[in-house]
Every structure is written in C-alpha cells, then in structure tokens.
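Contents: one structure, followed by commentary.
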Amino acid sequence: MNAALAFIVELVITVLCTATVYALSFIGRRRR
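Just so we're aligned, residue 215 is where the sequence shown starts under the working numbering, counting upward by one.
The structure is reproduced here in structure tokens:
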C-alpha cells in the first residue's frame with residue numbers, strides 16, 4: 215500500500231513537471 219502511494223505521488227509530480235514545461239514552451243513560442 216505504501217509503494218502504491220509512492221507510485222501515485224511520483225506520477226503526479228511527473229505530470230505536473232511535464233505540464234509546466236509544456237506551458238512555458240507554449241508561452242515562449244506564442245510571445246516570439
């Protein structure tokens with residue numbers, strides 16, 4: 215159960231990081 219929780223947390227962090235990078239890249243392209 216603890217391993218499952220750690221997996222979920224890691225997955226959420228990965229998704230948030232990916233979304234942040236994609237958003238910054240999109241904003242950068244839009245301004246330029």
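Positions of the beta carbon are idealized from the N, C-alpha and C atoms, including for glycine.
Rounded to whole angstroms, the gap between the alpha carbons of residue 216 and residue 242 is 39 Å. Annotation: residue 246 is outside any alpha helix (DSSP H) and is labelled neither H nor E by DSSP. CA-CA distance, residue 240 to residue 234, rounds to 10 Å.
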